[in-house]
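See below for the structure under consideration.
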Amino acid sequence: MSTETNTIEELANQEYKWGFVTDIEADAAPKGLSEGTIRFISAKKNEPEWMLEWRLKAYRHWLTMTEPRWPNVRYNRIDYQDIVYYSAPKQKKQLTSLTEVDPELLRTYEKLGISLQEQERLSGVAVDAVFDSVSVATTFKGKLKELGIIFCSFSEAVREHPDLVREHLGSVVPAGDNFFAALNAAVFSDGSFCYIPKGVRSPMELSTYFRINAADTGQFERTLIVAEAGSYVSYLEGCTAPMRDNNQLHAAVVELIALGDNAQIKYSTVQNWYPGDKEGRGGIYNFVTKRGKCAGKNSKISWTQVETGSAVTWKYPSVLLQGENSVGEFYSVAVVNNYQQADTGTKMIHIGKNTRSTIVSKGISAGRGQNSYRGLVDVKKGATHSRNFSQCDSLLLGDKCGAHTFPYIEVKNTSSTVEHEASTSKIGEDQIFYCKQRGLSTEDAVNLIVNGFCKEVFRELPMEFAVEAQKLLGVSLEGSVG
Amino acid sequence: MMLEIKNLHASVNGTEILKGINLKINAGEVHAIMGPNGSGKSTLAGVLAGRDAYEVTQGEVTYEGKNLLDLAPEERAREGVFLAFQYPVEIPGVNNTYFLKAALNAIRKHKGLEELDAVDFLQIVKEKMKLMEIDESLLNRSVNEGFSGGEKKRNEIFHMAVLQPRLAILDETDSGLDIDALRVVADGVNKLRRKENAILVVTHYQRLLNYIVPDFVHVLMDGRIVKSGGKELALQLEERGYDWVKDEVERQPVQA
Chain A
104 MSTETNTIEE LANQEYKWGF VTDIEADAAP KGLSEGTIRF ISAKKNEPEW
154 MLEWRLKAYR HWLTMTEPRW PNVRYNRIDY QDIVYYSAPK QKKQLTSLTE
204 VDPELLRTYE KLGISLQEQE RLSGVAVDAV FDSVSVATTF KGKLKELGII
254 FCSFSEAVRE HPDLVREHLG SVVPAGDNFF AALNAAVFSD GSFCYIPKGV
304 RSPMELSTYF RINAADTGQF ERTLIVAEAG SYVSYLEGCT APMRDNNQLH
354 AAVVELIALG DNAQIKYSTV QNWYPGDKEG RGGIYNFVTK RGKCAGKNSK
404 ISWTQVETGS AVTWKYPSVL LQGENSVGEF YSVAVVNNYQ QADTGTKMIH
454 IGKNTRSTIV SKGISAGRGQ NSYRGLVDVK KGATHSRNFS QCDSLLLGDK
504 CGAHTFPYIE VKNTSSTVEH EASTSKIGED QIFYCKQRGL STEDAVNLIV
554 NGFCKEVFRE LPMEFAVEAQ KLLGVSLEGS VG
Chain B
125 MMLEIKNLHA SVNGTEILKG INLKINAGEV HAIMGPNGSG KSTLAGVLAG
175 RDAYEVTQGE VTYEGKNLLD LAPEERAREG VFLAFQYPVE IPGVNNTYFL
225 KAALNAIRKH KGLEELDAVD FLQIVKEKMK LMEIDESLLN RSVNEGFSGG
275 EKKRNEIFHM AVLQPRLAIL DETDSGLDID ALRVVADGVN KLRRKENAIL
325 VVTHYQRLLN YIVPDFVHVL MDGRIVKSGG KELALQLEER GYDWVKDEVE
375 RQPVQA
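Top to bottom, those sequences are chains A and B. For the working numbering, add 103 to where a residue sits in the first sequence, where the first one is 1. For the working numbering, add 124 to where a residue sits in the second sequence, where the first one is 1.
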């Protein structure tokens with residue numbers, strides 16, 4: 104008994120491994136938010152007039168909105184005038200290759216284990232690295248270009264592919280969708296853009312590595328992925344942030360569009376933003392809007408997320424299933440330890456006939472962490488013969504944490520079926536003893552049991568990501584059971 | 125001497141279950157502990173393995189010259205103490221082979237041996253699988269998850285074969301097994317008998333001892349070993365039940 108709680112506490116004592124600050128001069132906007140700030144950002148990025156107008160419209164709408172209070176999380180109110188909305192590492196000139204990138208920046212990436220040169224040379228992963236607000240280097244662009252795949256920073260897309268951006272920007276997550284999406288639309292500083300032409304299968308996993316560096320900078324990135332008929336793309340997103348005492352806001356927007364018939368997008372996230380210290384001080388507020396639209400027949404969008412970081416997480420990667428026979432999937436592992444809070448889940452909106460969705464959510468709570476699953480399955484009248492399967496499992500480590508489930512199900516026709524399974528279990532003392540009797544340490548036992556619990560989600564991740572996710576889980580829960 | 129238990133007292137939630145156990149086991153020996161339900165057999169097995177729920181209140185246990193009670197459960201395991209569980213625990217999502225590899229490597233590391241890679245490990249597994257007549261599907265499933273009672277017990281003995289303990293404690297390994305499964309499990313155990321290893325069989329019934337023939341049989345009653353003998357003692361118990369031992373004990377004072 105006592106052993107178990109002790110381990111939980113020990114695991115919780117692991118320091119945040121990625122908490123270092125890179126010393127580079129930043130080119131930043133002054134604190135605060137006004138139309139002036141937005142014009143500053145837009146000007147910094149040499150944006151066309153329509154882009155600025157879009158931002159301003161979003162900002163004006165945002166001013167009429169109030170911050171949502173319905174999530175099952177508690178945090179101090181955010182002072183939106185106390186945030187720096189734009190911070191870019193100072194660069195001397197336009198970069199054409201990695202060799203010109205600030206070595207200090209490259210070292211940061213190396214500490215994170217993603218040396219760009221190495222990535223480019225060895226791993227076959229194209230990385231669009233976002234350092235604070237500006238994309239530093241985009242790799243493999245040439246190789247992808249041959250296939251007609253566009254993979255670049257959002258700013259570049261606005262300049263180079265304005266028609267594509269204009270057509271799709273805000274088509275899944277409208278500028279005024281919700282409070283944080285509207286804020287993002289007004290002040291987003293960069294992000295990634297990806298376009299896969301008809302019939303093309305991306306030969307490599309596309310990847311972005313986000314990192315918040317400068318103090319008190321909100322990170323507002325925006326990702327837009329468009330997949331034409333018969334195309335396939337797998338996209339990886341990973342995040343780390345250095346240690347900071349003040350809470351930092353991260354309000355991103357991701358839009359996925361499976362535009363044509365049989366288009367497929369697989370989007371995987373491993374998130375380990377700074378979770379705050381053992382007393383719950385500091386850490387990232389991760390308030391993110393992620394949504395995909397299956398417009399084409401037989402199209403498919405799959406979200407896989409492993410969320411181990413952030414002080415407060417608030418996100419619901421969703422799929423609008425418009426095309427007939429389209430498929431939406433959501434696989435999630437959410438870990439909370441110490442004073443972390445997560446309110447996460449998904450929305451599957453069935454609009455087209457014979458649409459299918461699968462939800463597998465694994466919540467792990469340790470320390471004093473609070474984990475909520477919130478999911479909506481909405482089967483519209485016209486979505487006949489649709490199916491959903493949901494499985495929500497919670498695992499508790501220790502007796503001071505919590506797990507909560509809020510499933511919402513609406514079915515407006517009689518030919519569809521919806522299944523929901525839920526379970527909550529405590530990590531068993533007998534399981535831990537069994538492992539120990541075979542020679543494993545308590546920590547290894549906990550890792551093993553927790554990883555087994557998450558297996559259904561991990562197997563959806565691309566190989567190299569799955570390994571990283573397992574390690575991350577170990578680090579996040581270190582010291583959490585005795 | 126491999127194991128020496130002296131005047132061992134242990135309680136669960138304040139109730140004394142073991143009331144002064146004395147037992148000596150040498151390498152190469154097979155000992156059987158028999159006794160009626162509630163006599164403390166499983167408690168003894170649990171105390172030796174280091175289960176948290178039991179509190180040792182008196183006495184000492186020396187294993188290979190070390191104070192066993194000072195060691196954490198995983199240290200005991202790494203030192204070669206193995207417990208075949210009466211109720212093997214399910215660990216969903218954890219591959220049985222992967223689990224065993226982690227266990228074996230933890231033990232090897234403790235002994236200062238190099239950890240085995242997947243290829244070397246699989247070779248060992250295949251060899252033991254043949255020896256134990258274990259079905260390959262058992263290896264690819266999650267640890268004990270959805271296993272039948274017989275499969276679980278066989279898996280325990282398979283773990284024992286791979287981990288090669290010095291002292292194996294079999295806790296009611298025969299319970300819940302039909303006669304065929306019992307024979308397979310017992311055959312497996314017999315193949316693992318070595319002159320450098322010892323086995324402690326804890327059982328309620330004599331029938332397992334038809335297959336795993338012990339060198340010594342001890343009768344445990346109300347937390348004490350009240351009678352010890354050779355393998356023929358088991359047969360006597362089978363024939364006459366435990367009552368005659370009880371009567372005999374009541375007629376003469378218990379040896380300390």
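Ideal Cβ positions, reconstructed from N, Cα and C, are used throughout, including at glycine. The model shown is predicted, which means the values in this text are computed figures rather than measured ones.
Neighbour flag for residue i against chain B, beta carbons, 7 Å
| i | result |
| --- | --- |
| Lys196 (chain A) | With a pLDDT of only 48 at Lys196 (chain A), under the threshold of 50, the placement of this residue in the model should not be trusted, and no figure is reported. |
| Tyr537 (chain A) | yes |
| Gln494 (chain A) | no |
| Arg541 (chain A) | yes |
| Asp533 (chain A) | yes |
| Leu155 (chain A) | no |
| Leu551 (chain A) | yes |
| Ser544 (chain A) | yes |
| Gly555 (chain A) | yes |
Short CB-CB distance (under 7 Å) between residue i and chain A
| i | result |
| --- | --- |
| Leu207 (chain B) | yes |
| Ala197 (chain B) | It should be pointed out that residue 197 (chain B) corresponds to Pro in this sequence rather than to Ala. Chain A, which has a Cβ nearer than 7 Å to the Cβ of Pro197 (chain B), makes this yes. |
| Arg96 (chain B) | In the structure as shown, chain B starts at 125 and stops at 380, and residue 96 (chain B) therefore has no counterpart that could be examined. |
| Pro216 (chain B) | yes |
| Ile231 (chain B) | yes |
| Ala322 (chain B) | no |
| Arg278 (chain B) | no |
| Ala242 (chain B) | no |
| Val213 (chain B) | yes |
| Ala201 (chain B) | yes |
| Ala169 (chain B) | no |
| Ala134 (chain B) | no |
DSSP three-state assignment for residue i, whether helix, strand or coil
| i | result |
| --- | --- |
| Glu128 (chain B) | strand |
| Tyr211 (chain B) | coil |
| Ser579 (chain A) | helix |
| Tyr188 (chain A) | coil |
| Met451 (chain A) | strand |
| Arg348 (chain B) | strand |
| Ser256 (chain A) | strand |
| Phe271 (chain B) | coil |
| Ile141 (chain A) | helix |
| Gly170 (chain B) | helix |
| Leu359 (chain A) | strand |
| Asp244 (chain B) | helix |
Contacting residues, own chain, Cβ-Cβ under 7 Å from residue i (five flanking each side not counted)
| i | result |
| --- | --- |
| Tyr183 (chain A) | Leu136 |
| Gly431 (chain A) | Cys397, Ile404, Val422, Leu424, Met451 and Ser460 |
| Ala289 (chain A) | Ile141, Arg158, Ala161, Tyr162 and Trp165 |
Beta-carbon contacts of residue i that lie in its chain and below 6 Å, excluding the five residues immediately before and after
| i | result |
| --- | --- |
| Cys375 (chain A) | It should be noted that the sequence gives Asn, not Cys, for residue 375 (chain A). Once the five neighbours on either side are set aside, the close Cβ partners of Asn375 (chain A) are Thr343, Thr411, Gly412 and Leu575. |
| Gly96 (chain B) | Any question about residue 96 (chain B) goes unanswered here, given that chain B covers just 125 to 380. |
| Pro289 (chain B) | Gly204 and Phe206 |
| Lys370 (chain B) | none |
| Glu363 (chain B) | none |
| Gly279 (chain A) | His164 and Ala285 |
| Pro300 (chain A) | Gly251 and Glu331 |
First and last residue of the uninterrupted alpha helix (DSSP H) at residue i
| i | result |
| --- | --- |
| Glu199 (chain B) | Pro197 to Arg202 |
| Ala548 (chain A) | Thr545 to Phe556 |
| Glu522 (chain A) | Here Glu522 (chain A) belongs to no alpha helix (DSSP H); instead the beta strand (DSSP E) covers Thr520 to Lys529. |
| Ser261 (chain B) | Ser261 to Asn264 |
| Phe223 (chain B) | Asn220 to His234 |
| Glu363 (chain B) | Lys355 to Arg364 |
| Glu372 (chain B) | Asp367 to Arg375 |
Extent of the continuous beta strand (DSSP E) to which residue i belongs
| i | result |
| --- | --- |
| Glu513 (chain A) | Gly505 to Val514 |
| Lys301 (chain A) | Looking at the DSSP string, Lys301 (chain A) is not in any beta strand (DSSP E), and its letter there is neither H nor E. |
| Trp406 (chain A) | Lys403 to Glu410 |
| Arg180 (chain A) | From DSSP, Arg180 (chain A) is part of no beta strand (DSSP E); its letter is neither H nor E. |
| Gly431 (chain A) | Val430 to Val439 |
Cutoff 7 Å: residue i Cβ touching any chain C Cβ
| i | result |
| --- | --- |
| Lys558 (chain A) | This model lacks chain C altogether, as its protein chains are A and B. |
Quiz prompt | Inter-stretch contact at 8 Å, needing at least 3 Cβ pairs: the region 544-563 of chain A / the region 414-423 of chain A | solution = Remark: fewer than three beta-carbon pairs, one from each stretch, lie closer than 8 Å, so the region 544-563 of chain A and the region 414-423 of chain A are not flagged as touching.
Quiz item: Do the region 128-141 of chain B and the region 178-193 of chain B make contact, defined as three or more Cβ pairs closer than 8 Å?
Solution: Because the criterion of three Cβ pairs below 8 Å is met, the region 128-141 of chain B and the region 178-193 of chain B touch.
Exercise. Check whether the region 241-258 of chain B touches the region 334-341 of chain B, counting contact only when three or more Cβ pairs, one atom from each stretch, lie closer than 8 Å.
Key: Using a Cβ-Cβ distance cut-off of 8 Å, the region 241-258 of chain B and the region 334-341 of chain B are not in contact, since fewer than three pairs of beta carbons, one from each stretch, lie closer than that value.
Quiz item: Does the pairing of the region 306-321 of chain B with the region 230-245 of chain B give three or more beta-carbon distances under 8 Å?
Solution: Result no; under three Cβ-Cβ pairs closer than 8 Å.
Quiz item: Can we say the region 166-178 of chain A touches the region 296-308 of chain A, given the rule of at least three CB pairs closer than 8 Å?
Solution: Proximity of the region 166-178 of chain A to the region 296-308 of chain A falls short of the contact definition, fewer than three beta-carbon pairs being nearer than 8 Å.
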